[in-house]
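For the sequence shown, the numbering used here begins at 25 and goes up steadily by one. Cβ atoms here follow ideal geometry from the backbone N, Cα and C, with glycine treated the same way. The structure under discussion appears below in the form of C-alpha cells.
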Amino acid sequence: MISNVVTEGINGIPKIPGDKSISHRSIIIPSISNGVCEINNILKSDDVLRTLNALKSMGVNIQENKNKIIIQGKGLNSLNRANGEIYLGNSGTSARLLTGLLSSQKFKSILTGDKSLSSRPMQRIADPLSKMNAKIITTKGSLPLTIEGSNLKAVNFDLEIPSAQIKSGLLLAALNTKGQTNITENKVTRDHTEVMLQSFGANIEINKIGSKKNIKIIGQKELIGKNIDVPNDLSSSSFFIVSALINKNSKIILKNINNNPTRNGIILALKKMGAKINLTNNRINNNENICDIEVRSSELHGCELGPEFADLMIDEYPILSIAASFANSPSVFRGLKELRVKESDRLKLILLNLQNCGVNCKSENNDLFIFPSNKYQIKNNLIQTDFDHRIAMAFCIMGSKLGPLNIKDSDSINTSFPTFKNEFKNLGGNIF
Ligand code: S3P
Numbered sequence: 025m026i027s028n029v030v031t032e033g034i035n036g037i038p039k040i041p042g043d044k045s046i047s048h049r050s051i052i053i054p055s056i057s058n059g060v061c062e063i064n065n066i067l068k069s070d071d072v073l074r075t076l077n078a079l080k081s082m083g084v085n086i087q088e089n090k091n092k093i094i095i096q097g098k099g100l101n102s103l104n105r106a107n108g109e110i111y112l113g114n115s116g117t118s119a120r121l122l123t124g125l126l127s128s129q130k131f132k133s134i135l136t137g138d139k140s141l142s143s144r145p146m147q148r149i150a151d152p153l154s155k156m157n158a159k160i161i162t163t164k165g166s167l168p169l170t171i172e173g174s175n176l177k178a179v180n181f182d183l184e185i186p187s188a189q190i191k192s193g194l195l196l197a198a199l200n201t202k203g204q205t206n207i208t209e210n211k212v213t214r215d216h217t218e219v220m221l222q223s224f225g226a227n228i229e230i231n232k233i234g235s236k237k238n239i240k241i242i243g244q245k246e247l248i249g250k251n252i253d254v255p256n257d258l259s260s261s262s263f264f265i266v267s268a269l270i271n272k273n274s275k276i277i278l279k280n281i282n283n284n285p286t287r288n289g290i291i292l293a294l295k296k297m298g299a300k301i302n303l304t305n306n307r308i309n310n311n312e313n314i315c316d317i318e319v320r321s322s323e324l325h326g327c328e329l330g331p332e333f334a335d336l337m338i339d340e341y342p343i344l345s346i347a348a349s350f351a352n353s354p355s356v357f358r359g360l361k362e363l364r365v366k367e368s369d370r371l372k373l374i375l376l377n378l379q380n381c382g383v384n385c386k387s388e389n390n391d392l393f394i395f396p397s398n399k400y401q402i403k404n405n406l407i408q409t410d411f412d413h414r415i416a417m418a419f420c421i422m423g424s425k426l427g428p429l430n431i432k433d434s435d436s437i438n439t440s441f442p443t444f445k446n447e448f449k450n451l452g453g454n455i456f
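Here it is as C-alpha cells:
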C-alpha cells in the first residue's frame with residue numbers, strides 16, 4: 025500500500041470500529057455465562073474473529089446478525105473439546121485469555137498461531153497458571169501450546185509483568201476454580217475484564233491501594249448473561265487523531281469512543297504536547313467511560329513521558345512517535361521494554377522506519393528519544409512492518425505528511441481496523 029501527502033488537511037466524522045480488547049471479552053465472558061447475550065458493535069476484525077471461532081469450535085452457539093452477535097452462554101464449566109487444534113492467527117489477546125480459560129475446563133486443547141504469534145512469549149501466562157496446578161506445555165516458551173484441562177487450586181499472585189492479558193487469563197482460570205484467588209497488580213493495566221466480570225455478577229472484589237490494585241475472586245459462581253454495547257476503539261482512533269493534529273486545516277470528530285482511565289494515556293500525552301483535543305458528551309455505559317473527541321490541527325511541542333505512561337498507552341507509541349516527529353522540540357518516552365514483545369519488536373521498527381524517513385532518533389535502555397526537524401529527507405521509502413498492524417497504520421499517517429511511503433505487508437491492518445484505508449480516504453487521506 026502507498027501512503028501519500030494529504031493536501032487539504034483531514035476533515036469529517038470517521039466511523040471508528042468497536043474496541044478490540046472489549047470485543048474479545050464480549051465473546052469470552054458471555055460464552056461462559058448463563059443466558060442469552062446480545063452484543064452490539066462488536067469489532068469484526070481478524071483477531072476478534074479468531075476468538076469468536078475458537079468459542080464456536082467449543083460448542084458455543086453464536087449467531088451473527090449485521091452489527092450484532094447473539095451468544096447463548098454455556099455456563100462456567102460446559103465448553104466442549106474443539107475438534108482439532110484451535111488456530112489463533114496473529115492474536116495475542118486470544119492466546120493469553122484462552123490459555124487461562126481452557127486450563128480449568130475438563131478437556132485437552134492445543135492452541136496454534138501464525139509466525140508472529142508463534143514467536144511471542146507464552147511462558148508469562150503458562151508460569152503463573154502452573155502455580156494453580158494448570159497443565160500447560162509450551163513449545164520453547166511459545167505456541168503451539170497444549171493445555172490439559174484440570175481442576176485448579178486458588179492461589180495468591182503478585183504480578184511482576186504489567187500485562188492485562190496475563191491478568192485476564194488468570195481471572196478467567198480463577199472463575200472456574202474453587203476458593204479465593206488473589207491477584208495483586210503493581211502497575212496499572214487495562215481493566216476491561218474485571219469491569220465486565222463485575223457486571224456479569226462474578227464474586228469479585230477490587231481494592232486500590234495507591235498505584236497497586238488487589239483483585240479477589242471467588243470461583244465457581246455462575247455468571248448472569250448481559251447485553252453489551254461495545255464502544256469504539258481509542259487505539260484505532262489515535263491514528264486519525266494524530267493525522268488531524270499534524271496536518272494543517274484539519275478538524276475531525278470521533279464518536280462514542282472508549283475513554284477508560286486505564287488506557288487513555290495517548291490523550292493525556294498529546295494534550296501535554298499542546299494538542300487541541302476536546303472530550304465532549306462524557307457518559308458511562310456497561311461500566312465503561314465513553315465520550316466524543318474533537319481534534320484540530322495543532323502546533324505540538326516535544327515532551328518527556330515517564331514509564332507510568334507506558335502502562336496507560338502501550339499500544340500507542342508507534343503513532344505517538346509520528347506526532348513527536350512533527351513537534352517543535354525533542355521528546356523522550358521512557359520505559360518501553362514491553363514494546364519489544366508485541367506483534368513485532370515495535371521499538372526496533374519505530375527506530376528503523378523513522379530513521380528511513382530521515383528522523384533523528386535513538387533508543388537507550390528501552391527509552392526512545394526523538395529529535396524532530398522541520399524538513400525531512402526520506403532515505404528509504406519502503407516501510408518494514410513485520411506484519412504489525414499498528415506499525416503499518418502509524419507509517420500511513422507518516423506518509424500523509426511526508427509521502428509517498430510504501431507500506432509493506434499492510435494486510436495486517438485487518439487484524440484490528442479492516443476499514444482503515446476507506447475511512448482515511450473519506451477524511452481526505454491519500455492511500456492507494
Ligand atoms: C491487550 C493488552 C495489551 C495490549 C494488547 C491488548 C488486551 O497487551 O498491548 O493490544 O486486550 O488485554 P499486554 O497484556 O501484553 O500488555
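Which residue marks the beginning of the alpha helix (DSSP H) containing residue i, and which one marks its end?
i: Leu375; result: 370 to 380
i: Gln189; result: 188 to 199
i: Lys445; result: 444 to 451
i: Asn385; result: Before going on, a small fix: residue 385 reads as Cys here, not Asn. No alpha helix (DSSP H) holds Cys385; the beta strand (DSSP E) holding it covers 384 to 388.
i: Leu153; result: 147 to 155
Compute every distance between the C-beta of residue i and the non-hydrogen atoms of the ligand S3P, then say whether any falls below 7 angstroms.
i: Glu362; result: yes
i: Arg214; result: yes
i: Asp369; result: no
i: His325; result: no
i: Ala197; result: no
i: Ala188; result: yes
i: Lys237; result: no
i: Asp339; result: yes
i: His48; result: yes
i: Thr460; result: Any question about residue 460 goes unanswered here, given that the chain covers just 25 to 456.
i: Ser192; result: yes
i: Ile115; result: The question names Ile, but residue 115 is Ser in the sequence shown. For the ligand S3P, not one heavy atom lies less than 7 angstroms from the Cβ of Ser115.
i: Lys366; result: yes
i: Lys140; result: Note that residue 140 is Ser in the sequence shown here, rather than Lys. It does not: the Cβ of Ser140 is nowhere closer than 7 angstroms to a heavy atom of the ligand S3P.
i: Ser118; result: no
i: Ser45; result: yes
Please list, in chain order, all residues of the same chain as residue i whose beta carbon is under 7 angstroms from its beta carbon, the five residues on each side excluded.
i: Thr162; result: Met146, Gln147, Ala150, Leu169
i: Lys361; result: Asn390
i: Phe456; result: Ile26
i: Ala351; result: Met297, Leu324, His325, Gly326, Pro396
i: Asn310; result: Ser223, Ile252, Asp253
i: Gln408; result: Leu373, Leu376, Asn377, Lys432
i: Ile40; result: Asn256, Asp257, Ser260, Ser261, Leu278, Ile281
i: Val179; result: Lys155, Met156, Thr205
i: Asn405; result: Pro428, Leu429, Asn430
Alpha carbons only, please: which of the options is nearest the one belonging to residue i?
i: Asn302; options: Leu269, Leu344, Met337; result: Leu269
i: Glu447; options: Thr304, Ile291, Ser260; result: Ser260
i: Glu388; options: Lys202, Ala197, Phe357, Gly452; result: Phe357
i: Val60; options: Leu406, Leu258, Leu76, Asn85; result: Asn85
i: Asp138; options: Ile230, Asp410, Ala418, Pro442; result: Asp410
i: Glu109; options: Gly423, Ile343, Ile26, Ile134; result: Ile134
i: Arg214; options: Thr286, Asp70, Ser322, Asn157; result: Thr286
i: Val30; options: Glu62, Glu318, Leu122, Lys425; result: Lys425
i: Val212; options: Ile185, Thr201, Leu195; result: Ile185
i: Asp378; options: Val365, Ala348, Glu367, Ser353; result: Reading off the sequence, residue 378 comes out as Leu, not Asp. The candidate whose alpha carbon is nearest that of Leu378 is Ala348.
i: Gly234; options: Thr208, Asp71, Phe333, Lys445; result: Thr208
i: Lys295; options: Arg307, Ser274, Glu318; result: Glu318
i: Lys250; options: Asn107, Gly423, Gly97; result: Gly97
i: Ala299; options: Val266, Leu221, Leu371, Cys315; result: Val266
i: Ile421; options: Pro342, Asn404, Lys386, Ile228; result: Pro342
i: Gly330; options: Ser322, Leu292, Ile346; result: Leu292
i: Ser140; options: Gly99, Lys80, Leu112, Leu125; result: Leu112
i: Gly243; options: Ser322, Ala197, Asn114; result: Ala197
Report all residues from its chain with a CB closer than 6 angstroms to the CB of residue i; omit the five preceding and five following residues, and keep chain order.
i: Ile37; result: Ile277
i: Asn64; result: Lys92, Asp253
i: Leu103; result: Met82, Gln129
i: Phe131; result: Arg105, Gly173
i: Pro354; result: Gly326, Phe395
i: Gly289; result: Phe333, Leu336, Met337
Keeping to the same chain, check which residues put their C-beta closer than 8 angstroms to that of residue i; ignore five residues upstream and five downstream.
i: Ile190; result: Arg120, Arg148, Ile149, Pro152, Leu183
i: Asn175; result: Ser128, Asn157, Thr201, Lys202
i: Ala226; result: Leu199, Ile241, Lys245, Leu247
i: Asp316; result: Ile277, Leu278, Lys279, Asn280, Ile281, Leu303, Thr304, Asn305
Identify the continuous beta strand (DSSP E) that holds residue i and give its terminal residues.
i: Cys315; result: 312 to 320
i: Ile134; result: 132 to 136
i: Lys232; result: 227 to 233
i: Cys61; result: 57 to 64
i: Arg307; result: 300 to 309
Throw me the rounded Cβ distance for the residue i and residue j pair, which I believe falls under 8 angstroms.
i: Ile431; j: Phe419; result: 6 angstroms
i: Asn273; j: Glu88; result: Contact flag wrong, Cβ pair sits at about 40 angstroms.
i: Ile34; j: Gly423; result: In fact, because the Cβ distance is near 13 angstroms, the residues do not count as touching under 8 angstroms.
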